[in-house]
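Heads up, the thing below is written out as structure tokens.
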Amino acid sequence: MKTLAAEAKADQMDPALKSKKNSSLWLDSLSRVIKSKTSLIGLVIITLLIVVAIFAPQIATHSPTDQSIIDRYQSPSSEHLLGTDELGRDIFSRIVYGSRITIQIGVITVGISMIVGVFLGAVAGFFGRWVDQIIMRLIDIMMAFPSILLAIALVAVLGKSLTNAMIAVGIVGVPHFARIVRSTVLSVKETEYIEASRVIGAKNGRILFSHVLPNCLAPIIVQATLTIGTAILDAAGLSFLGLGAQPPLPEWGAMLSDGRSALQTAPWVVMFPGFAILLVVLGFNLLGDGLRDALDPRLKQ
Amino acid sequence: MKKKALWMLLTVFTLMVLVVAGCSNNDEANSEGEDSNSQDTTDSESAEEGSGGSSTFVFGRGADSEQLDPSKVTDGESIYVTNQIYDTLVRYEQEGTEVVPALATEWETSDDGLEWTFQLRDDVTFHDGTDFTAEDVVFNFERWTEGAEYVYYGYMFGASEENPGGIIEKVEATGDYEVTFTLSEPNAPFLNTLAMPPFGIASPDAIEEHGEDYFKNPVGTGPFIFEEWKQDDSITLSKNEDYFGETAKVDTVIFRVIPDNGARFMELQSGSIDAMNGMNPQDIQQAEDDEALQIIRRPSMNVSYMAMNTDKEGPLKDKKVRQAINLAIDKEKLLSLFEGIGKPAKNPMPPSLWGYNDNVEDYGYDVEEAKSLLAEAGYGDGMSITLYTMSNPRPYLPQPKFAAQAIQEMLKEVNIEVEIVENEWDSHLSATENGDHDMAFLGWTGDNGDPDNFLYVLLDKDNAKKGSAGNIAFYKNDELHDILKQAQTELDQEKRVGLYEEAQEIIHEDAPWFPIAHTTPPLAVKKEVQNYIPHPTGSEPFNYLELN
Amino acid sequence: MLNYIIRRLVSLIPVIIGVSIIAFSLMHLVPGDPARSILGEKATETQLEMLREELNLNDPYIVQYGNFMGKIATGDLGDSIKSKESVASEIGSRLPATIELTLFAMTIAVVIGVLAGVIAAVKQYSWFDNLSMSGALFGVSMPIFWLGLMMIWLFSVELNWLPPSGRLSNDIELTKITNLYLVDSILTLNGTAFVDAFRHLLMPGLALATIPMAIIARMTRSSMLEVMKQDYIRTANAKGLAGRLVIFQHALKNASLPVLTVIGLQFGFLLGGAVLTETIFSWPGVGRYVVDAILSRDYPVVQSTILIIAIIFVLVNLITDILYTLFDPRIKLD
Chain A
1 MKTLAAEAKA DQMDPALKSK KNSSLWLDSL SRVIKSKTSL IGLVIITLLI
51 VVAIFAPQIA THSPTDQSII DRYQSPSSEH LLGTDELGRD IFSRIVYGSR
101 ITIQIGVITV GISMIVGVFL GAVAGFFGRW VDQIIMRLID IMMAFPSILL
151 AIALVAVLGK SLTNAMIAVG IVGVPHFARI VRSTVLSVKE TEYIEASRVI
201 GAKNGRILFS HVLPNCLAPI IVQATLTIGT AILDAAGLSF LGLGAQPPLP
251 EWGAMLSDGR SALQTAPWVV MFPGFAILLV VLGFNLLGDG LRDALDPRLK
301 Q
Chain B
302 MKKKALWMLL TVFTLMVLVV AGCSNNDEAN SEGEDSNSQD TTDSESAEEG
352 SGGSSTFVFG RGADSEQLDP SKVTDGESIY VTNQIYDTLV RYEQEGTEVV
402 PALATEWETS DDGLEWTFQL RDDVTFHDGT DFTAEDVVFN FERWTEGAEY
452 VYYGYMFGAS EENPGGIIEK VEATGDYEVT FTLSEPNAPF LNTLAMPPFG
502 IASPDAIEEH GEDYFKNPVG TGPFIFEEWK QDDSITLSKN EDYFGETAKV
552 DTVIFRVIPD NGARFMELQS GSIDAMNGMN PQDIQQAEDD EALQIIRRPS
602 MNVSYMAMNT DKEGPLKDKK VRQAINLAID KEKLLSLFEG IGKPAKNPMP
652 PSLWGYNDNV EDYGYDVEEA KSLLAEAGYG DGMSITLYTM SNPRPYLPQP
702 KFAAQAIQEM LKEVNIEVEI VENEWDSHLS ATENGDHDMA FLGWTGDNGD
752 PDNFLYVLLD KDNAKKGSAG NIAFYKNDEL HDILKQAQTE LDQEKRVGLY
802 EEAQEIIHED APWFPIAHTT PPLAVKKEVQ NYIPHPTGSE PFNYLELN
Chain C
850 MLNYIIRRLV SLIPVIIGVS IIAFSLMHLV PGDPARSILG EKATETQLEM
900 LREELNLNDP YIVQYGNFMG KIATGDLGDS IKSKESVASE IGSRLPATIE
950 LTLFAMTIAV VIGVLAGVIA AVKQYSWFDN LSMSGALFGV SMPIFWLGLM
1000 MIWLFSVELN WLPPSGRLSN DIELTKITNL YLVDSILTLN GTAFVDAFRH
1050 LLMPGLALAT IPMAIIARMT RSSMLEVMKQ DYIRTANAKG LAGRLVIFQH
1100 ALKNASLPVL TVIGLQFGFL LGGAVLTETI FSWPGVGRYV VDAILSRDYP
1150 VVQSTILIIA IIFVLVNLIT DILYTLFDPR IKLD
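Chains as they are written, first to last, in the numbering used here: chain A, 1 to 301; chain B, 302 to 849; chain C, 850 to 1183.
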């Protein structure tokens, strides 16, 4: 009797059915996100960022790398909307092109954290016992470092470059994903339909990928959106310390760092790139908040 | 215009906050729009920071000293302080590198140049009260042969593990106040070398008393006495009333560490320090406009350059390519980044040194010529190379990162794609001495005012060894080598001048470098400070300066 | 309780060992040569080799790690390669600066954050609520290195109100007892020094406090709201206790749990944030020290400092957990 019921339930979770159910869930969530005005603002900011990145050549008024040393440190004017930097490059155009790098940083770092974190968390939660022990101790160790210090040390090992900074920030973000996924997996693992699929002889891998992980999707997405903001901040911080993007890349943190020596005479060189960072991070945080409320109210700590 | 930027940002910011606030989820949100920017009229008592006591001179700088034992250090920040505490046998004159008496009053050399005899002052005491005698000189010189940590001794006198004394065969006290050096080979710059601050004579008693900790308890004979060292914060010295030379005019000297150049300059403007080095070029104008400040430029005895690795397989092996790069960079424009802290260089040694060849004509800026040279060499279609640069400013290269980017952009004109590789100072040195680079920034500040100290050290094939940071162009020219070797042992000044002039011709033609600049590193100093005379070697004793 | 604490402390040991191994191996993977970094460009190959030998840099890593841990076990943190000072004394002279900055920032963050959160919750949907919560949203999104620079520009360059760097003006005399300058100036009843130290602390403290303050404010507000909805608060209200008393005695006490967790977590953030803040404000603390050490490959310094920071961090988490249980009797320790 019991097995029958369980089987029925497992049947219910047949992929086609599930995706249908999910899609309505997603739509529902999406409409909730849009209804909340704060997350709508977030969405607008991010859309704007993407649009700017795509149409950078059309939006920018100058080349982001062309120098005009004679015209350096010019204050904002109609010719240079946000002024010029230490090598006479147009700050507005550099910020516009920099949006591409920012998106790249956000996507790649969080991609790394997510893939590695989800994998570790899922494996730990699913297999339990010593596997879990080892992985979670590793995560504990990583979390015992202040993240920016660990990132700095990693970049020092890997060498200074944007790619390495992204890898470092990505690695530093792994523990959060691993923990979230592990706890979700633990709670899902014991549910009846998983037990049922075990009974009908599904292999571990299949259970993990087709049954357990889809259930973690919501928290993962929320965490990812919220992490993008932090990741952009951390990567910008590394670039600010000279450990991230290398010249002449118009990365915002690096721009700000290069402008620092002229803080007294040309504050706009520092001002605008930092403001851009603030705005984009704000966008992701607003959206992340909204998604969290919409997708997974439990996560609201 | 600054104001405009500020208001622009504040407005945008306030607007943003309000918009987000207005939309905050709730319909009931009745934003009563209370003034958000309530200007708190802060009690701006901006504490009058006076000039800090009647005669304290506070010198602000970017980094702390590493050790206060000059024989063991190479960093300028250590030397700056030890220069106040110690004396050398002879010293440089106030504004140049001519040698004048100090602890030694007179000296003579044997005809073969192998034996040097110094007469010492008999009225000198160390800060710890012990008398200064010839035995103390011997003690110091023997101490310097004891290990690798006495960097400058090894480097200037060619010491090695097998021959710890280097070219100094022996040092003897030939009287209470007479000391004699015996050299293994004649050495033209010997006397000049002895005037270098690392060869300051320390009190043997203090060295024995403090042992390992001597470096933080320095005792010399100089115009100032060491008082206190707060790591990464400040070093305090007090005036030596019994100094045998010019007694100091200020009672106390404080060296204060303020790492950020901009912040240090702000401290100077607000009056909490009296002088500073390591300015951002951008702040110079600001300082010049300031009624209370003056800019003092240190005479130049340095050179900054971009070395091209002639040893590595690739385009830079070809002389034509190196010449083309020299032609393709607009030096004048590049130097405008220095905001006037430097003159363009065309030779590997500064014009202030004797033996400088002013007849050498710089390559000049000529993109067309550069292109045709590149085409001749077979690189008309372009190539890509690396440019290694240090991340921190050096006195001879104030903002390496900016200069690197400017060169990157200029070389694009002639189809050369430059990848910038930025490293911390020591990693930069390791990488370049290993020859990892195609091109690399580096520079040199003269030690003893002798051309040998530039040309032989930086461009001779003897120093083109992997793992030694001398000739990082790995430039090897036998003709040049013979000339430089001959000049080392030649004691006739006229002949030496001729040899060095010839050497510069050869170097110019082979173009192992793109010489960048000879800088005059600026110091910003309060107007009250008088008689601050900067020395070309990079630091100077403060016993002459006065505060009004 | 004691049992629990001991068990937790024991479980920290593998973490600490792991941290030490990672710190050690990371540092030895960094390319570059500490010998060159000490001797500079003018040293010869022989001199470098002799120094490497002297510093045991040529030993196998395992041996070096063993030496390092052996020393740590006896309480010796080793000597800095660069300055030759003992790492213990170097950290000792810098740690107070970081602690003072961190505590100051935490105090700002907690006081303002909790206050704003409580008011926002009590006056939900008021202009204050909206303004402070959107302010908090900006706060969590703030690049603090930028905020720091903007503060310097505004308050030091343009307005000339606050000093841009350092802990104390050099013409101020202060007897050092704890090396926390605010505390010292109070202990010695030194008014001028207090004002001066406070003026130096203000900007870095505020910059560092921004993100935790914002997070704490949001956390406080949402947990307050949750608690206020519950029956017993309504009951208390009905019983006619003065409204304010209700809020502070009941609601705040219950809301303090999640807030406490956040505060604990934020301490870790502050230690990291101190790295950037100290760099910008030339604050002579541990954060800047360890970054410099990483970049110049001063192995002993990095290993020991990271170890100490990690231990502090882990201990703060432990203390948070313990406080958590003290505040909430419902949680059992087994």
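Where is the CB? At the ideal position from N, CA and C, for every residue including glycine.
A quick note: this is a predicted structure, and the numbers were derived from the prediction, not measured.
- Under the three-state reduction of DSSP output, N724/B falls in the strand class.
- Inside the region 892–917 of chain C, DSSP marks whole alpha helix (DSSP H) runs of 4 or more residues at positions 894–903, from first to last along the chain.
- Non-local beta-carbon contacts of M876/C in its own chain, meaning distances under 8 Å to residues more than five positions away in sequence, involve I1143, R1146, Y1148, V1151 and Q1152 in chain order.
- Beta-carbon to beta-carbon, F775/B and G736/B are separated by about 6 Å, close enough to satisfy the 8 Å threshold.
- The three-state reading of DSSP puts K203/A in coil, since its state is none of H, G, I, E or B.
- DSSP places K189/A inside the alpha helix (DSSP H), whose first and last residues are V174 to K189.
- Pairing L390/B with F427/B gives a Cβ-Cβ distance that is not under 8 Å.
- Residues of the region 238–249 of chain A with a C-beta less than 9 Å from any C-beta of chain B: G242, Q246, P247 and P248, listed in chain order.
- Close to V989/C, with beta-carbon spacing below 7 Å, are these residues of chain A in chain order: N285.
- For E394/B, the closest of N849/B, H836/B and N844/B by C-alpha to C-alpha distance is H836/B.
- In the DSSP assignment, S539/B falls outside any alpha helix (DSSP H) and within the unbroken beta strand (DSSP E) covering S535 to K540.
- Inter-residue distance for Y1138/C and K373/B is about 23 Å (C-alpha atoms, whole angstroms).
- Per DSSP, the unbroken alpha helix (DSSP H) holding Q58/A starts and ends at A56 to I59.
- L638/B places its beta carbon less than 8 Å from that of A704/B.
- The beta carbon of I784/B lies closer than 7 Å to those of L800, E803 and A804 in the same chain, with the five residues before and after it left out.
- Taking C-alpha positions only, D552/B is separated from E528/B by approximately 12 Å.
- For M955/C and T375/B, the gap between their C-alpha atoms comes out near 41 Å.
- Note that the region 484–496 of chain B touches the region 741–758 of chain B; at least 3 beta-carbon pairs, one per stretch, sit closer than 8 Å.
- For K777/B, the secondary structure class from DSSP, reduced to helix, strand or coil, is coil.
- Within the same chain, and ignoring the five residues on either side of V879/C in sequence, the residues whose Cβ sits closer than 6 Å to its Cβ are R1146.
- In the structure shown, L698/B falls within a strand segment according to DSSP collapsed to helix, strand and coil.
- If you keep only unbroken alpha helix (DSSP H) runs of at least 4 residues inside the region 126–156 of chain A, you get 129–143.
- The alpha carbon of L1017/C has as its nearest neighbour, out of L1051/C, F1004/C and L996/C, the alpha carbon of L1051/C.
- Y456/B is positioned such that its CB atom lies no closer than 8 Å to that of T446/B.
- When 7 Å is used as the limit between beta carbons, Q264/A is near these residues of chain C: V1006, in chain order.
- Look at Y757/B here: in three-state DSSP terms it is helix.
- A contact between stretches requires three or more CB pairs, one per stretch, nearer than 8 Å, and the region 619–627 of chain B meets this requirement with the region 674–683 of chain B.
- Taking 8 Å as the threshold, the shortest C-beta distance from R260/A to chain C falls below it.
- When 8 Å is used as the limit between beta carbons, L900/C is near these residues of chain B: A449 and E450, in chain order.
- Residue nearest to D370/B within the set V359/B, Y515/B and D424/B is Y515/B (criterion: CA-CA distance).
- Of S981/C, E949/C and I948/C, the smallest CA-CA separation from L964/C is found for S981/C.
- Where G643/B is concerned, the enclosing beta strand (DSSP E) starts and stops at G643 to P645.
- Between G117/A and V174/A, the C-beta gap is smaller than 8 Å, which places the two residues in contact.
- Not a single C-beta of chain C is nearer than 8 Å to the C-beta of V269/A.
- For V719/B, the pairing in a beta bridge is given by DSSP as I686/B.
- Here T265/A is not near E710/B, since their CB atoms are 8 Å or more apart.
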